[in-house]
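Take a look at the structure set out below.
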Amino acid sequence: MNLTNALWYLGRGTGLVALVMFTLTMVLGITTRSGRQALGLSRFGVADLHKTASLAGVGLVATHVVTLLFDPYAQLKLVDLVFPFLAAYRPFWLGLGTLAVDLVVLVVASSLLRHQIGPKVFKGLHWLAYALWPVALLHALGTGTDAGTVWFRAVALGCLLAVGAAVGWRTSQSFAERGFPRIPRRRPEKAVTR
Amino acid sequence: MTIATTLAAPPDTRRLFAAPGPSLEEHLRTYGDLPADVDLPDLVERAGLLGRGGAGFPSARKLRTVAARGHGVVVGNAAEGEPASDKDRTLLTVAPHLVIDGLVLTARAVGARRAYLATARPEIARHLRTEVRQRRDRVRIEVVEVEDRFVSGEESALVNALNGRPGVPSDRLTRVWERGVDRRPTLVHNVETLAHVALLARFGADWFRSAGTPEEPGTFLATVGGAVSAPGVFEVPYGASLTGLLNAAGARTDAAQAVLVGGFHGAWVPGAALGSTRMSRTSLAPHGASVGAGVVAVLGRDRCGLVESAGVASYLADQVAGQCGPCVNGLPRMADALSRLADGRRDPRLVDEVHRMRGLVVGRGACAHPDGTARFVASTLRVFADEVALHLGGGCSAASAR
Amino acid sequence: MPRLHVDWTRCDGHGLCADLLPEVLTRDEWGYPVSRRSDGTLDIDRSLREHAERAVDMCPLLALTLVRSSPVGR
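Chains as they are written, first to last, in my numbering: chain A, 11 to 204; chain B, 66 to 467; chain C, 376 to 449.
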């Protein structure tokens with residue numbers, strides 16, 4: 011196998027594993043939000059693994075992007091790393107990938123700086139994860155050379171089911187209780203007549 | 066520093082209500098002009114003025130802190146969320162210009178060009194705007210209406226409301242004197258405190274200290290209500306006897322089962338102790354009470370202390386801001402257990418439940434609401450212990466009193 | 376000695392802090408963190424300093440702060 015092919019396989023491989031890592035991140039993120047223990051981990055363990063999985067995903071995406079940058083087959087230019095939909099090869103689907111990377115940067119940077127930006131800004135930016143994951147999945151299905159193969163589709167389906175189940179749980183009634191029967195805190199209405 | 070010598074300082078303890086009417090003209094005739102060169106922090110410190118909003122915090126300290134930081138904002142707090150209190154409304158109706166004088170003097174002292182007067186009552190707001198318009202102060206005064214809720218008068222809640230945010234308290238780590246209205250250092254004073262400032266700026270610290278006690282100098286406004294024939298707002302010196310105050314409101318001391326001092330976050334003084342109790346910190350401390358915002362509510366012998374207290378506790382549970390988990394959950398449970406005892410549920414575990422909830426809410430909220438409610442409930446169980454025993458036995462003193 | 380300060384307007388009882396500082400914190404019946412000590416204080420001894428800092432870092436709602444001196448009231 012020559013270098014070009016190796017880069018191509020590495021690029022595709024890291025892309026798929028990154029998707030799996032971000033799927034795990036989404037599920038663990040929702041579990042963190044639930045305030046429950048899972049998989050034998052404490053609440054802190056869940057939050058910690060969520061953080062680790064996301065950083066692993068970032069590392070994999072970085073590798074994915076850099077290898078493809080050096081791969082002549084992909085025809086990636088530096089601008090394609092930041093601005094979506096300008097690429098030569100499959101511009102729309104690749105553009106989704108660029109968009110996903112932009113969102114990853116926003117979500118991860120805001121997480122690392124959360125103590126500086128405060129809880130409201132942090133929460134607002136972190137919610138971009140709900141946009142990030144579907145964009146990443148679509149990018150994988152659209153540009154992925156292996157997208158047509160059975161095993162790729164199986165992995166993608168698995169990811170979709172995992173996130174789907176987690177989001178379904180997130181939107182369910184019992185989610186908010188955190189396992190403790192209690193009166194929830196309430197958001198105050200605005201005051202003041204001048 | 067000049068003290069107004071043209072007019073005699075109020076000789077007795079009728080200080081705040083000395084003017085015949087609320088108009089600016091009557092105010093100036095009674096008290097004279099607003100003094101010009103006043104070293105207010107020094108004056109307030111020597112006078113030993115304590116805040117009249119309930120906490121009794123030394124006013125000079127807050128004043129100096131905000132003055133040191135520069136370009137601050139001053140707020141006169143008349144939100145008066147306490148249902149049993151009527152003094153701020155009365156003071157603003159009868160002597161608004163004393164309050165506005167105090168606001169202007171304080172604003173000058175801290176270098177503030179803007180000041181606010183906050184009230185929960187629309188008619189008071191209208192009245193204040195009319196009176197402010199009569200004046201020619203350099204300080205820009207804005208009259209603001211806030212929501213009529215128990216928590217509205219809390220310092221940070223008020224500042225939040227002035228900033229256009231929900232009028233609920235903020236976490237205690239950020240103090241309003243560091244960052245308040247429009248992110249500026251903010252000095253929040255109860256309107257009665259401001260009225261006293263207006264007087265001591267004219268007549269001096271020695272005059273101010275001529276009434277009251279050495280550690281709590283001056284006079285304060287007490288709202289006396291409940292089982293009294295002539296309820297109202299009375300100006301009394303600190304250290305005045307509680308029975309004297311009750312008599313002024315037409316209450317017979319022997320007809321009082323107990324007296325609630327300090328409002329809904331205060332404590333009960335049992336009937337037997339009334340004769341020896343004075344309106345001062347040292348005299349009230351053994352009962353777990355303090356003068357607070359001067360609320361004195363008398364419980365007649367025909368009422369049940371437990372039933373009345375359960376009603377208060379339920380009201381307080383209803384008035385939670387809703388932000389803090391332990392308060393939102395603990396206060397209703399505590400009030401509920403107390404109510405069941407009052408209703409005659411003969412379960413001694415209810416008493417334990419009340420104590421348990423008390424322990425869970427104290428110190429676990431952004432403001433003092435859970436703590437104050439817990440204090441009131443603890444006092445209730447202590448002072449009305451016999452009533453509790455009676456209820457657990459299936460009786461009630463109020464039923465047999467008829 | 377530094378103490379752990381809870382911003383109750385943010386805390387929603389996730390409980391990570393109780394996981395990380397079991398010597399000091401447990402959870403009440405509604406899931407909110409509460410001191411194990413009878414006086415309710417949350418003073419952090421030097422030996423627990425690092426764990427407390429991790430709790431402050433990991434709270435999902437940024438509800439914790441480590442404060443220097445002793446408090447004026449709790």
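For each residue, glycine too, the CB sits at the ideal point set by N, CA and C.
What residues in its chain sit with their C-beta under 7 Å from that of Val233 of chain B, if we drop five residues either side in the sequence?
Val216, Ala222, Asn225, Ala386, Gln388
Tell me which same chain residues have a C-beta within less than 8 Å of the C-beta of Leu114 of chain B, skipping the five on either side of it?
Pro123, Ser124, Ala125, Thr258, His261, Val262, Leu265, Phe273, Pro282, Gly283
Which two residues bound the contiguous alpha helix (DSSP H) that contains Asn12 of chain A?
Neither: Asn12 of chain A is in no alpha helix (DSSP H) and is coded neither H nor E.
Short-range partners of chain C found in the stretch 222-247 of chain B, where Cβ spacing is below 9 Å:
Val233, Pro234, Ser235, Asp236, Arg237, Leu238
is_contact[Arg412 of chain C, chain B] using C-beta, thresh 9 Å:
no
In the DSSP assignment, the beta strand (DSSP E) including Ile206 of chain B goes from what residue to what residue?
205-210
For Thr184 of chain B, count neighbouring C-beta atoms within 10 Å of its own C-beta (all shown protein chains included) and say buried if the count is 16 or more, exposed if not.
buried
Do Gly370 of chain B and Ser462 of chain B have their CB atoms nearer than 9 Å?
yes
With DSSP as the reference, label Phe329 of chain B as helix, strand or coil.
helix
Report the residue from C:Met376, C:Thr384, C:His380, C:Leu379 whose alpha carbon sits nearest the alpha carbon of Arg196 of chain A.
C:Thr384
Under 8 Å between beta-carbons, which chain C residues line up against Gln388 of chain B? List them in chain order, please.
Trp383, Thr384
Using the rule of at least 16 other Cβ atoms within 10 Å of the residue's Cβ for burial, across every protein chain shown, is Leu193 of chain B buried or exposed?
buried
Taking CB distances under 9 Å as the criterion, tell me whether Ala431 of chain B reaches chain C.
yes
Closest Cβ-Cβ distance between Asn394 of chain B and chain A: below 9 Å?
yes
Restricting to runs no shorter than 4 residues, where is the alpha helix (DSSP H) found entirely within the stretch 147-185 of chain A?
160-180
Just the C-alpha distance for Leu99 of chain B and Arg267 of chain B, rounded to the nearest angstrom, thanks.
7 Å
Quick check on DSSP: helix, strand or coil for Asp412 of chain B?
coil
Between Ala176 of chain A and chain C, is the shortest Cβ-Cβ distance under 9 Å, so that the two count as touching?
no
Can you find a C-beta in chain A that's less than 9 Å from the C-beta of Cys461 of chain B?
no
At a CB-CB cut-off below 8 Å, which residues of chain B make contact with Thr499 of chain C?
Residue 499 of chain C falls outside the range modelled here, since chain C spans only 376 to 449, and no answer is possible.
If we cut at 9 Å on Cβ distances, does Gly428 of chain B have a partner in chain C?
yes
Please decide whether Pro435 of chain C counts as near chain F, where near means a Cβ-Cβ distance under 9 Å.
In the displayed structure, chain F is absent; the protein chains listed are A, B and C.
Return the first residue and the last residue of the alpha helix (DSSP H) that Ala260 of chain B is part of.
256-274
Residues of chain B with CB under 9 Å from His380 of chain C, in chain order?
Asp236, Arg237, Leu238
Compute the distance between the beta-carbons of His136 of chain B and His92 of chain B, then report whether it is under 9 Å.
no
Which two residues bound the contiguous beta strand (DSSP E) that contains His380 of chain C?
378-381
For Phe82 of chain B, three-class secondary structure by DSSP:
coil
Cα-Cα separation, Phe32 of chain A to Glu199 of chain A
36 Å
Selection of the stretch 393-404 of chain C by Cβ proximity to chain B, strictly under 7 Å
Asp403
Applying the 10 Å Cβ sphere with the 16-neighbour rule, what's the burial state of Pro391 of chain B?
buried
State the CB to CB distance for the pair Asp90 of chain A and Thr77 of chain A, rounded to an integer number of angstroms; the pair is presumed to be in contact (CB under 8 Å).
Contact doesn't hold; Cβ gap of about 14 Å is too wide.
Tell me the rounded alpha-carbon separation between Gly134 of chain A and Ile40 of chain A.
15 Å
Is there a Cβ from chain A that is less than 9 Å from the Cβ of Pro397 of chain B?
yes
Identify every run of the beta strand (DSSP E) within the stretch 386-415 of chain C, keeping only runs that are complete inside it and at least 3 residues long; order them along the chain.
400-402, 408-410
Endpoints, the beta strand (DSSP E) within which Glu220 of chain B is located:
Element bounds for Glu220 of chain B: not the beta strand (DSSP E) but the alpha helix (DSSP H), 220-227.
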